[in-house]
Amino acid sequence: MPAFNPTSFSAVRETFDGYAHGYRERFNLNPLGHYQREQVHRIMAEYLRSGDRILDVGCGPGSDFPFYKALNLRVDAIDISPEMVTQARQVARNLFLSAGIRQASLEAFSAPSTYDAVILNFGVINALSPLSPVLDKLGELVASGGVLFLTVMPPFHLFWMMEMIVRGQWRKARQRLFGRQVVVGKKMQCFYYRQKDIERATTFPLRVDRRVHLGAVLPTPEQYARFPRLRGIAHVLLPLDRRLSTRLPDAAGGDHVCYVLRHL
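Read in the working numbering, the sequence shown has 83 at position 5, and its numbers run on one by one without any break.
What follows is the structure, given as structure tokens:
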């Protein structure tokens, strides 16, 4: 299997170590961040059963652990950021959740047996490129008949593009939409994917069971926090976003798109 490179491991680790401080306030307590995570949990709950063995890749500070606990899942979790792993372990202890949590990259990770589900939530896969070896690795980890949950940042998001245009950052908008990558923070590359990219890069047999657009007609959680005027607009548009979430073409994008892939 060819090696895959998340920009550089040090850049990703440094970026997410920085995110670890204030992550809960920045994303989990943000109304639009909470809305998106709630939508993803609803989707997952349709596929997961009590006792299922799952792997959370890029678990962050354990934001999804209460959901896993409620479903009585058997959890392994990895993250490249030591700060995130420290927080995730504390969350697991607080929940009395027995979870195997390790600081590791996906590339270096190995497991004695396959999982009923593998989860890469909220942009984890956007730090990884090229897709083919990443998906090959995930295919090795997911059991036949199991599911792969990918919550991906797509090339197009309406409100993000609008902000770039207003700020005159045309080059950055073009880089995301057409070049499919943008530098995040000081040096981490973020790669943007659509369904066709995932399907073309996959060598193991899979079927796209579901595609749900998250925040397609809403500001990003960060925009919601930074621009008070957008908050009222967001609350007005929330019902529309829910209705459109499963009806839009893939190119319509969103803040994230959740794909459910079945390993055949």
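Backbone N, C-alpha and C define an ideal beta-carbon position, used for all residues, glycine too.
Own chain residues within Cβ distance below 6 Å of P84, not counting five before or after: Confidence is the limiting factor: at P84 the pLDDT is only 49, short of 50, which leaves the residue's position unreliable, though a coordinate-based value still follows. Closer than 6 Å at the Cβ level, and outside the excluded window around P84, lie V90, A205 and L206.
Inter-stretch contact at 8 Å, needing at least 3 Cβ pairs: the stretch 280-290 / the stretch 259-267: no
Close Cβ partners of K147 (< 7 Å) along its chain, the five nearest in sequence each way excluded: L173 and L175
N-terminal and C-terminal residue of the beta strand (DSSP E) that S176 is part of: First-last for S176: undefined, no H or E at that position.
8 Å contact criterion, which A166 and P139 should meet: CB distance rounded: 6 Å
Beta-carbon gap between C336 and I121 smaller than 8 Å: yes
Beta-carbon gap between R288 and V212 smaller than 8 Å: no
Buried versus exposed call for A170 [16 or more other C-beta atoms within 10 Å across all chains shown]: buried
Cα-Cα separation, A177 to F145: 13 Å
CA-to-CA distance, D157 to V163, given in whole angstroms: 6 Å
Minimum C-alpha distance to S159 - residue among L184, N150, L236 and D142: L184
Distance, G223 Cα to P306 Cα: 45 Å
For A221, the first and last residue of its enclosing beta strand (DSSP E): V220 to V230
Distance between A312 and M240 (C-alpha atoms, nearest Å): 15 Å
Other residues of its chain near L216: CB distance less than 7 Å, five sequence neighbours each side excluded: V196 and L226
Same chain, Cβ closer than 7 Å to R127, neighbours up to 5 away in sequence not counted: none
Selection from L292, L228 and H341 that minimises the alpha carbon distance to P317: L292
Bounding residues of the alpha helix (DSSP H) (the contiguous stretch that carries I132): Not the alpha helix (DSSP H): I132 falls in the beta strand (DSSP E), residues R131 to V135.
Range covered by the beta strand (DSSP E) that runs through D142: D142 -> no beta strand (DSSP E), and no H or E assigned at all.
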